[in-house]
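Participant: This is the structure I want to talk about, given as structure tokens.
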Amino acid sequence: MNYDFDFEFLADRWPDFLAGAWLTIQLTVVAIVLGFALGTLCAVLRVYGHPLLRRLVGGYVEIIRNTPLLVQIFIVYFGIATLGLKLSAETSAIIALVINVGAYTTEIMRAGIESIPRTQIEAADCLGLKRLQVILHIVLLPAMERVYPALSSQFVLLMLASSITSQISAEELTAVANLIQSDTYRSFEVYIVVAIVYLALSFLYRIAFWLIGGLLFVRRRRLGTAL
Amino acid sequence: MSRAEAVLPAEGQPIDQVPIVRVTGLEKSFGPLKVLDGVSFAVQPGQMVAVVGRSGSGKSTMLRCLNGLEDIQGGTIEICGHQVGRPGSWNKAQLRSDVGMVFQSYNLFPHLTVERNITLALTLVQKKPKADARRIALAVLEQVGLAEKAQAYPEQLSGGQQQRVAIARSLALSPQVMLFDEVTSALDPELTVEVLKVMEDLSRGGMTMILVTHEMGFARRVAHSVIFMHRGRVWESGPTAELFARPQTIEFQQFVGSVL
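Shown next as structure tokens:
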């Protein structure tokens, strides 16, 4: 094999990579925050909700978990356009990512919520807490603490999977790479650079989730023990 | 069964005082299984009533019915003026402010400090300012001898300490009646003593208490009256000393013989 690596394109295209990475961060942070909210709400409904709601949430989860993300993105992107709404590729991408990660979050949070003993809820009930207060103050945080590693892994996966949104030309990191490689014909090198940037992003996200975990789970931070 | 329906007077109190708890003909089934079959009794304010009996006699279920944790199939429960059990006929929030409950498994909230375990309901339910809630928490912790543990987490405490915090947590809401569901059953004898001590102090302070317990020695020594349950019924009941001195039923005699 005689291949001359040429990373010269980096000299004047590195700001493009940076801009792409920044958009990836923006897209996925918004998607993670909204997806987490959606998934947590769905998980609560799935465990405590009306039987009809439980089924509805179950259906949503199964549909999303058993279809490809790319197809979901296309359906959102072209579906919204067909309905006559004009949304940017980025907005469509966020909507699709939220719907997607929301379903996975639902399943993960459901496992956490179901791991909270009934007796905890009963004790809170006996203290006079209302149902919503019980969920907010007694159930959710310990539930989240128990599934936090799975949850943060899922969110890192979402960040990586967001590369697929390049297919509807959301100008995120992978789309930027596609563009640069078609300009420079240094495909191999471009994707090596992109891989390294994704690796750095993953690392960044994991540190961020570790810090957030420390902020949220005060008991764990102080005692260092699992719940 | 001679004394089963009797209103149980506290020592030195007139017998015609209005009971704070009155249960009549209580029936409870789990599917085809009838767990409570016409339970009736009454408790005067300031009394400590021990409910004893073999496993499966319906003691704990009866206690849970009193606090509206189980729906009932028949009879009436009146506790602190609330008609409990029939859907729609009682206000849960009001009942909760009058009746406290402590469980066998403590049920402290593991992610919250001891202090927050206690202030949670004070701030969320009783809407007390944080400073007031804190003061109350420290006062009740003092009462159970654990003031120095306010900032600890439940897992850092022994079982006995956790149960004392659970009692303090319930106490903080100033209930009129406290229900204790086998609160020492998960503790070894040494830790049992410290929890029983707290309960004895509470009773001396005039708290109305109904406790389901296997601690016959404690019941005999401290409780004003005893209810012996058997097969989902109040088999025998009455003032403690009298009941133990002259048991009327063969079942109670056998039970006392087997546990003392």
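Sequences listed follow chains A and B, in order. Numbering that gives the first Met the number 0 applies: residue 0 is where the first sequence begins, and numbers increase by one. Numbering that gives the first Met the number 0 applies: residue 0 is where the second sequence begins, and numbers increase by one. Just so it is clear, CB atoms sit at the ideal spot from N, CA and C, and this is done for glycine as well.
I need the DSSP call for B/D200, collapsed to helix, strand or coil.
Facilitator: Your numbering for residue 200 of chain B matches position 201 in the second sequence. DSSP places B/D200 in helix when its eight states are reduced to three.
Participant: Can you find a CB in chain A that lies within less than 7 Å of the CB of B/H81?
Facilitator: Reading the second sequence from its first residue, position 82 is the one you call residue 81 of chain B. No, B/H81 does not count as interfacial toward chain A.
Participant: Could you confirm whether any beta carbon from chain A is found closer than 7 Å to the beta carbon of B/M215?
Facilitator: Here residue 215 of chain B corresponds to residue number 216 of the second sequence, with the count starting at 1. No, no contact with chain A.
Participant: Confirm, please, whether the CB-CB distance from A/A88 to A/A30 is below 7 Å.
Facilitator: The residue labelled residue 30 of chain A in the question sits at position 31 within the first sequence. The residue labelled residue 88 of chain A in the question sits at position 89 within the first sequence. Cβ atoms of A/A30 and A/A88: not closer than 7 Å.
Participant: Could you tell me which chain A residues have their CB closer than 8 Å to the CB of B/P109, listed as they occur along the chain?
Facilitator: Mapped onto the second sequence, residue 109 of chain B falls at position 110. Within chain A, the residues near B/P109 are P141, R218 and L226.
Participant: With DSSP as the reference, identify every bridge partner of B/T75, one or two as the case may be.
Facilitator: Counting from 1 along the second sequence, the entry for residue 75 of chain B is found at position 76. B/T75 is bridged to B/T23.
Participant: May I ask you to list the residues that DSSP assigns as paired with A/A207?
Facilitator: In the first sequence, the residue the question calls residue 207 of chain A occupies position 208. According to DSSP, which records beta bridges pairwise, A/A207 is partnered with nothing at all.
Participant: Roughly how many angstroms lie between the CA atoms of B/R95 and A/P141, to the nearest whole one?
Facilitator: Translated into positions along the second sequence, residue 95 of chain B becomes position 96. Translated into positions along the first sequence, residue 141 of chain A becomes position 142. Between B/R95 and A/P141, the C-alpha separation is close to 24 Å.
Participant: Leaving out the 5 sequence neighbours to the left and right, which residues in its chain are closer than 6 Å to A/S201 when beta-carbon positions are compared?
Facilitator: Mapped onto the first sequence, residue 201 of chain A falls at position 202. Excluding positions up to five away in sequence, the list reads V155.
Participant: Strictly under 7 Å for the Cβ-Cβ distance: is A/C125 near chain B by that measure?
Facilitator: Taking the first residue of the first sequence as 1, we reach residue 125 of chain A at position 126. Interface residue, yes.
Participant: Could you tell me which residues DSSP puts in a beta bridge with B/M228?
Facilitator: Translated into positions along the second sequence, residue 228 of chain B becomes position 229. Residue pairing of B/M228 in beta bridges, as defined by DSSP: B/V233.
Participant: Kindly list the residues whose CB is nearer than 7 Å to the CB of A/E113, restricted to its own chain and excluding five residues on each side of it in sequence; keep chain order.
Facilitator: Locating residue 113 of chain A in the first sequence gives position 114, counting from the first residue. Answer for A/E113: V46, listed in chain order.
Participant: Just the C-alpha distance for A/S162 and A/A92, rounded to the nearest angstrom, thanks.
Facilitator: If you number the first sequence from 1, residue 162 of chain A lands on position 163. If you number the first sequence from 1, residue 92 of chain A lands on position 93. Their backbone Cα atoms lie some 10 Å apart in a straight line.
Participant: Is any beta-carbon of chain A found at less than 7 Å from that of B/V255?
Facilitator: Looking up residue 255 of chain B in the second sequence gives position 256. No, because no Cβ of chain A sits closer than 7 Å to the Cβ of B/V255.
Participant: For B/F29, is the classification buried or exposed, using 16 other Cβ atoms within 10 angstroms of its Cβ as the cut-off for buried?
Facilitator: Working through the second sequence from its first residue, we reach residue 29 of chain B at position 30. Burial state of B/F29 is exposed, judged by a 10 Å Cβ sphere holding fewer than 16 other Cβ atoms.
Participant: Indicate the three-state DSSP secondary structure (helix, strand or coil) for B/G11 in the structure shown.
Facilitator: Start at 1 with the first residue of the second sequence, and residue 11 of chain B comes out as number 12. Low local confidence applies: a pLDDT of 48 at B/G11 is under 50, so the model's placement there is unreliable, and no value is given.
Participant: Sorted by chain position, which residues of the same chain lie with C-beta nearer than 6 Å to B/A132's C-beta, five sequence neighbours on each side aside?
Facilitator: For the purposes of this step, residue 132 of chain B is identified with residue 133 of the second sequence, where counting begins at 1. These residues qualify, in order along the chain: T118, L121 and T122.
Participant: Is A/I94 helix, strand or coil when you go by DSSP?
Facilitator: Position 95 of the first sequence, counted from the first residue, corresponds to residue 94 of chain A. Reduced to three states, the DSSP call for A/I94 is helix.
Participant: Determine, using beta carbons only, whether B/S104 comes closer than 7 Å to chain A.
Facilitator: Along the second sequence, one-based indexing puts residue 104 of chain B at 105. So yes, B/S104 belongs to the interface.
Participant: For B/L62, collect the residues of the same chain with a Cβ closer than 6 Å to its Cβ; drop the 5 residues on either side in sequence, then sort them by chain order.
Facilitator: The residue given as residue 62 of chain B occupies position 63 in the second sequence. Within the same chain, L178, D180 and V211 come within 6 Å of B/L62 by CB-CB distance, once the 5 residues on both sides are set aside.
Participant: Buried or exposed for B/E335, please, with buried defined as at least 16 other CB atoms from any protein chain shown within 10 angstroms of its CB.
Facilitator: Residue 335 of chain B cannot be examined here, being either before or after the span of chain B that is shown, 0 to 259.
Participant: Thinking just about the alpha-carbon of each residue, which of A/L203, A/T183 and A/V217 is nearest to the one in A/E7?
Facilitator: Taking the first sequence and counting its residues from 1, one reaches residue 7 of chain A at position 8. For A/E7, the nearest C-alpha among the options comes from A/T183.
Participant: Excluding five sequence neighbours on each side, which residues of the same chain lie with their C-beta closer than 8 Å to the C-beta of A/V133?
Facilitator: In the first sequence, residue 133 of chain A corresponds to position 134, counting from 1. Closer than 8 Å at Cβ, skipping near neighbours: I120, A123 and D124.
Participant: Does the beta-carbon distance from B/Y105 to B/Q46 come in below 7 Å?
Facilitator: Here residue 105 of chain B corresponds to residue number 106 of the second sequence, with the count starting at 1. Here residue 46 of chain B corresponds to residue number 47 of the second sequence, with the count starting at 1. Contact: no.
Participant: Can you tell me which residues form a DSSP beta bridge with B/H81?
Facilitator: Mapped onto the second sequence, residue 81 of chain B falls at position 82. Answer is B/I78.
Participant: Does B/L123 come within less than 7 Å of chain A when only Cβ atoms are used?
Facilitator: Taking the second sequence and counting its residues from 1, one reaches residue 123 of chain B at position 124. Yes, B/L123 lies at the interface with chain A (some Cβ there is under 7 Å from its Cβ).
Participant: Can you pull the chain B neighbours of A/Q119, defined as C-beta to C-beta under 8 Å?
Facilitator: Sequence index remark: in the first sequence, residue 119 of chain A carries index 120 (1-based). Simply N106 and F108.
Participant: Report the rounded CA-to-CA distance for B/H223 versus A/M143, giving the unit in angstroms.
Facilitator: Along the second sequence, read from residue 1 onward, the residue named residue 223 of chain B stands at position 224. Along the first sequence, read from residue 1 onward, the residue named residue 143 of chain A stands at position 144. Their Cα atoms are separated by approximately 46 Å.
Participant: Any Cβ of chain D within less than 7 Å of the Cβ of A/I137?
Facilitator: Absent here is chain D; the protein component of the structure consists of chains A and B.
Participant: For B/S1, which three-state DSSP category applies?
Facilitator: Stepping through the second sequence from its first residue, residue 1 of chain B is reached at position 2. Here the model assigns B/S1 a pLDDT of 42, short of 50, so the residue's position is not dependable, and the following value carries that caveat. In this structure, B/S1 counts as coil in the three-state DSSP scheme.
Participant: In the DSSP assignment, find the alpha helix (DSSP H) that holds A/T164 and state where it starts and stops.
Facilitator: Here residue 164 of chain A refers to the residue found at position 165 when the first sequence is read from its first residue. In the DSSP assignment, A/T164 falls outside any alpha helix (DSSP H), carrying neither H nor E.
Participant: Looking only at its chain, what residues have a beta carbon closer than 6 Å to the beta carbon of B/S1, apart from the 5 residues adjacent to it on each side?
Facilitator: Position 2 of the second sequence holds residue 1 of chain B. Reliability fails at B/S1, whose pLDDT of 42 lies under 50, so the model's placement of it is uncertain and the value that follows must be treated cautiously. Q247.
Participant: Tell me, please, which residues DSSP counts as bridged to A/D182.
Facilitator: Your numbering for residue 182 of chain A matches position 183 in the first sequence. According to DSSP, A/D182 bridges with nothing at all.
Participant: Specify, as a first and last residue, the run of the alpha helix (DSSP H) that B/D70 falls within.
Facilitator: Here residue 70 of chain B refers to the residue found at position 71 when the second sequence is read from its first residue. DSSP places B/D70 outside any alpha helix (DSSP H), giving it a letter other than H or E.
Participant: Let's test the definition: count the other Cβ atoms within 10 Å of the Cβ of B/D70 and tell me whether it reaches 16, buried, or not, exposed.
Facilitator: For the purposes of this step, residue 70 of chain B is taken as the residue at position 71 of the second sequence. Classification of B/D70: exposed, given that the 10 Å Cβ count is below 16.
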